[in-house]
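Okay, structure first, notes after.
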Amino acid sequence: MRKEILLFLLSIFLSSSSLLSTEVLLKNGDAFLAEEVLETQNDISFSWKDQKYRIPKSEIQRIDPRKKGLDSSYKYAEFVLSDGTILRGILVEKKGSKLVLKTELGFAELDKSKIVSEPSEDLQTSPTLPDKYLDATQINRNWRMGLSGFGLASLGAWSKAFPLVYGGGFYLERNAKTSGWFYGFSSEYSSGPGNTGRLSLWSQNAYIGSTYGHSSPYWLLGAGASSITRSQGEDRTSALTPDLLLEFGWSWDISQRHQIRIGLRSQCHIQTEASLCNSGVRFSWGFYI
Numbered sequence: 104m105r106k107e108i109l110l111f112l113l114s115i116f117l118s119s120s121s122l123l124s125t126e127v128l129l130k131n132g133d134a135f136l137a138e139e140v141l142e143t144q145n146d147i148s149f150s151w152k153d154q155k156y157r158i159p160k161s162e163i164q165r166i167d168p169r170k171k172g173l174d175s176s177y178k179y180a181e182f183v184l185s186d187g188t189i190l191r192g193i194l195v196e197k198k199g200s201k202l203v204l205k206t207e208l209g210f211a212e213l214d215k216s217k218i219v220s221e222p223s224e225d226l227q228t229s230p231t232l233p234d235k236y237l238d239a240t241q242i243n244r245n246w247r248m249g250l251s252g253f254g255l256a257s258l259g260a261w262s263k264a265f266p267l268v269y270g271g272g273f274y275l276e277r278n279a280k281t282s283g284w285f286y287g288f289s290s291e292y293s294s295g296p297g298n299t300g301r302l303s304l305w306s307q308n309a310y311i312g313s314t315y316g317h318s319s320p321y322w323l324l325g326a327g328a329s330s331i332t333r334s335q336g337e338d339r340t341s342a343l344t345p346d347l348l349l350e351f352g353w354s355w356d357i358s359q360r361h362q363i364r365i366g367l368r369s370q371c372h373i374q375t376e377a378s379l380c381n382s383g384v385r386f387s388w389g390f391y392i
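Numbering follows our numbering, with no gaps: position 31 of the sequence shown is 134.
Rendered as structure tokens:
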């Protein structure tokens with residue numbers, strides 16, 4: 104009995120969520136089932152897939168609250184038949200020489216041989232909204248902070264004395280006004296054993312970088328300073344060195360609040376005698392604040 108009640112309540116919740124949706128149809132034929140649709144004098148704002156969008160009315164063909172669904176999208180297309188008939192609707196299925204089209208009046212089955220004009224793009228791929236339509240309040244949420252972990256191999260003269268170092272740290276970033284660009288600050292600690300004791304590094308770096316989408320390559324270039332300490336028993340020597348770093352890899356935006364990066368990092372701690380340079384893999388996880 105309890106199970107039946109829970110299933111009943113769940114069905115009510117899911118159906119009520121879809122009842123709140125509205126179809127927003129753009130003039131290019133892309134349609135989105137959105138929520139929280141608000142109309143102002145110049146534009147339409149709505150929520151789609153946990154993000155807020157704002158689109159000028161001049162780019163919207165219609166808003167239809169009769170269409171129900173949740174966070175889905177599809178494309179309206181126009182087909183011209185050999186007898187002059189024009190059909191406009193959503194491509195539902197391809198069956199051999201037939202196309203199944205959902206129109207305002209119902210479903211229609213078209214013979215491909217009788218189609219004289221049809222769209223060239225892939226109609227079965229769900230359209231997405233470009234970032235240019237993101238609401239300004241959404242874009243302004245630019246700050247993020249996160250944690251990182253890495254493993255680096257020493258290069259050159261240091262490779263035999265201290266071959267590997269491991270560590271982690273935290274970082275704080277802000278998106279720049281130019282789309283895709285960001286800048287930030289990181290503080291990281293790493294250490295590793297060697298033939299002549301132990302090597303420890305505490306690095307502070309400022310950097311700039313760029314990414315190219317929600318799931319895309321990224322790179323960053325930075326400079327700063329590190330405190331390098333070599334210890335063996337009770338003996339300890341320390342030095343402060345300038346740093347240069349380069350990192351590139353792949354970045355993923357996970358849902359609306361989290362970002363993950365995996366990249367290859369190269370970093371040099373510049374010294375007069377022999378600079379300590381190392382290279383390896385860095386993983387970072389950040390969240391928007």
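Built from N, CA and C at the ideal position, the CB exists for glycine as well.
Pull up the distance between the alpha-carbon of residue i and that of residue j, whole angstroms please.
{"i": "K170", "j": "G209", "result": "14 Å"}
{"i": "Q362", "j": "F390", "result": "6 Å"}
{"i": "E212", "j": "L204", "result": "6 Å"}
{"i": "V183", "j": "A134", "result": "21 Å"}
{"i": "S290", "j": "R191", "result": "57 Å"}
{"i": "S306", "j": "S150", "result": "41 Å"}
{"i": "E207", "j": "L141", "result": "24 Å"}
{"i": "Q227", "j": "N131", "result": "15 Å"}
{"i": "K155", "j": "L237", "result": "6 Å"}
{"i": "S220", "j": "Y286", "result": "49 Å"}
{"i": "G394", "j": "Y274", "result": "This structure cannot speak to residue 394, because the chain is shown only from 104 to 392."}
{"i": "P296", "j": "A264", "result": "9 Å"}
{"i": "D225", "j": "E126", "result": "21 Å"}
{"i": "Q144", "j": "P230", "result": "26 Å"}
{"i": "R385", "j": "Y179", "result": "44 Å"}
{"i": "D338", "j": "Y292", "result": "20 Å"}
{"i": "P222", "j": "G187", "result": "16 Å"}
{"i": "I193", "j": "L232", "result": "18 Å"}
Measure the CB-CB distance between residue i and residue j and report whether it falls below 8 Å.
{"i": "S394", "j": "S387", "result": "This structure gives no information on residue 394, because the portion of the chain shown stretches from 104 to 392."}
{"i": "L323", "j": "Y315", "result": "no"}
{"i": "D167", "j": "L128", "result": "yes"}
{"i": "D234", "j": "S282", "result": "yes"}
{"i": "N308", "j": "G327", "result": "yes"}
{"i": "L348", "j": "G383", "result": "no"}
{"i": "I86", "j": "W246", "result": "Not covered by the structure: residue 86. The range shown for the chain is 104 to 392."}
Which residues in the same chain as residue i place their Cβ atom closer than 6 Å to its Cβ, once the five residues preceding and following it in sequence are excluded?
{"i": "E350", "result": "L323, G366 and R368"}
{"i": "A342", "result": "I331"}
{"i": "S329", "result": "L304, S306, T344, D346 and H372"}
{"i": "H317", "result": "D356"}
{"i": "T340", "result": "R333"}
{"i": "I108", "result": "Confidence is the limiting factor: at I108 the pLDDT is only 48, short of 50, which leaves the residue's position unreliable, though a coordinate-based value still follows. Same-chain partners within the cutoff: there are none."}
{"i": "L379", "result": "W261 and H372"}
{"i": "A90", "result": "There is simply no residue 90 to check, as the chain begins at 104 and stops at 392 in what is shown."}
Go through its chain and collect everything with a Cβ distance to residue i's Cβ below 8 Å, but skip five positions before and after it.
{"i": "K215", "result": "S200, K201 and L202"}
{"i": "I189", "result": "E181, F182 and V183"}
{"i": "D101", "result": "With the chain represented from 104 up to 392, any question about residue 101 goes unanswered, as that position is not in the structure."}
{"i": "S319", "result": "W353 and S354"}
{"i": "G336", "result": "G300"}
{"i": "I218", "result": "F182, V183, L184, S185 and L202"}
{"i": "S294", "result": "V268, Y269, G270, R301, L302, S303 and L304"}
{"i": "L258", "result": "C380, N381 and S382"}
Check the C-beta distance from residue i over to residue j and give it rounded, since I have them as a contact under 8 Å.
{"i": "G271", "j": "F288", "result": "Their Cβ separation, rounded to whole angstroms, is 15 Å, which puts G271 and F288 out of contact at 8 Å."}
{"i": "L267", "j": "A256", "result": "6 Å"}
{"i": "Y321", "j": "R277", "result": "That pair is no contact at about 15 Å."}
{"i": "R301", "j": "S334", "result": "5 Å"}
{"i": "N381", "j": "Q374", "result": "Contact doesn't hold; Cβ gap of about 13 Å is too wide."}
Below 7 Å CB to CB, which residues in the same chain sit around residue i once its five sequence neighbours on both sides are set aside?
{"i": "E139", "result": "F149 and S150"}
{"i": "A279", "result": "F285 and Y286"}
{"i": "R360", "result": "F390 and Y391"}
Taking only heavy atoms of the ligand PLP into account, decide whether any of them is closer than 7 Å to the Cβ of residue i.
{"i": "F182", "result": "As for the ligand PLP, it is missing from this structure, which has no ligand bound."}
Query raised in the report: Can we say the stretch 188-207 touches the stretch 148-165, given the rule of at least three CB pairs closer than 8 Å?
Result: No contact exists between the stretch 188-207 and the stretch 148-165.
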